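For the record, in the sequence shown the residue sitting at position 154 is 154 according to this note's numbering, with numbers rising by one throughout.
Inspection log for the structure reproduced underneath, given as structure tokens.
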Amino acid sequence: MNTRSNRIQIVSENLSDIKVMALSWKEKNEVVGFIPTMGNLHEGHLSLIRKIRDYGATKTIVSIYVNPKQFGPGEDYAEYPRTPDEDIKLLEKLNVDCVFCPSDQEIYPPNAESQVMIDNISLMHELCGKYRPGHFDGVLLVVNRLLNIIQPNIAIFGQKDYQQYVLIKNMVQQLFLSTEILMAPIIRENDGLAMSSRNSYLNSNQRSKALHLYKSLISTSRKIRENKIDYKSILRTEIERLNKIGLSVDYLELRTSNDLSSVKKYKKMNGKYVLLGAIKLGKTRLIDNIIL
């Protein structure tokens with residue numbers, strides 16, 4: 001069903017409609033930019049829309065779809081905040097051209113592929129993949145499906161989900177998809193906490209403790225730059241410190257920024273590395289990173 005809310009075309013239930021719309025724009029030499037989301041939009045999501053226009057998008061499509069395939073058993077699929085009416089109001093203010101709100105049946109019909117096969121599959125089981133088995137299988141599956149449906153010129157993802165960005169970029173290259181994959185910087189709250197829909201799960205005490213992740217990334221990156229020989233001992237010490245103050249650390253790791261491979265020896269080169277961290281506070285899992 002297609003409906004129109006003021007300036008936005010809302011497409012749901014019929015995949016052919018979104019395909020025809022995107023193709024017609026491209027035939028008119030419009031640059032179609034795509035921003036996939038799970039809804040519950042915040043300033044981080046809205047910044048992606050502004051950024052993709054900076055990269056040349058003349059038409060913008062935002063998808064809102066909470067993908068069940070990327071949630072594991074016991075994770076927050078049922079609780080994940082769904083706020084479609086509020087989301088559409090925000091998108092109207094940014095003059096988004098189309099909102100795509102598919103159902104599970106549209107994204108995963110009975111004959112749909114169940115997995116996307118790519119090289120470097122080991123990365124899917126490292127970092128966040130180690131603690132969320134099957135998560136990236138679900139991410140790649142839905143992104144591949146959405147990119148094939150819409151076939152945008154460009155699509156943009158946030159730096160906060162850095163591992164996701166690298167895996168999607170790899171997938172697009174290996175499957176010879178025509179979409180260019182872009183990354184936008186992390187948008188933070190005034191106190192430095194990376195914006196996330198899951199921040200709403202935090203109570204006031206957890207919210208205060210969550211700030212230590214970003215502060216840790218900053219201080220640890222500085223120590224690594226100053227003492228580049230023994231960065232692993234710096235990370236071990238920092239993980240112990242964070243655990244002692246009440247953060248349950250999944251990982252704090254230094255990786256290469258281009259493909260997230262392990263770092264044998266740190267050599268100071270701006271932009272070559274990324275420091276990534278993941279913590280749990282109660283049932284809430286938060287991730288963050290900074291590029292060195």
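Just so it is clear, CB atoms sit at the ideal spot from N, CA and C, and this is done for glycine as well.
Values in this document were obtained by computation on a predicted structure and should not be read as measured data.
By DSSP's assignment, Pro36 forms a beta bridge with Ser63. DSSP assignment within the stretch 107-193 yields the following whole alpha helix (DSSP H) runs of 4 residues or more, N-terminal first: 128-131, 135-150 and 162-174.
Runs of the beta strand (DSSP E) spanning 3 or more residues and lying entirely within the stretch 198-272 occur at 248-256, in chain order. Lys130 and Gln164 have their C-alpha atoms spaced approximately 13 Å apart.
Residue pairing by DSSP places Leu276 opposite Glu253 and Asn289 in a beta bridge. A Cβ-Cβ separation of about 6 Å places Ile88 in contact with Ile8 under the 8 Å criterion. By a beta-carbon distance limit of 8 Å, Leu140 contacts Val116. Their separation comes to about 4 Å. Counting along the chain, Val11 sits inside the beta strand (DSSP E) bounded by residues Ile8 to Val11.
Taking the Cα positions, Ala22 is about 25 Å away from Lys69.
When DSSP states are grouped into helix, strand and coil, Leu90 belongs to the helix group. Inclusion of Ile234 and Asn227 in the CB contact set at 8 Å is warranted, their separation being smaller than that value. Here Met269 is exposed, its C-beta having fewer than 16 other C-beta atoms within 10 Å. In the displayed model, Leu281 falls within a strand according to three-state DSSP.
Under the 10 Å beta carbon count, Glu253 is surrounded by 16 or more other beta carbons and is classified as buried. Residue environment for Thr256: exposed (fewer than 16 other C-beta atoms within 10 angstroms of its C-beta).
In the assembly as shown, Gly271 is an exposed residue. Its beta-carbon has fewer than 16 other beta-carbons within 10 Å.
Met124 is positioned such that its CB atom lies no closer than 8 Å to that of Tyr80. By the C-beta density criterion, Val20 is exposed, having fewer than 16 other C-beta atoms within 10 angstroms.
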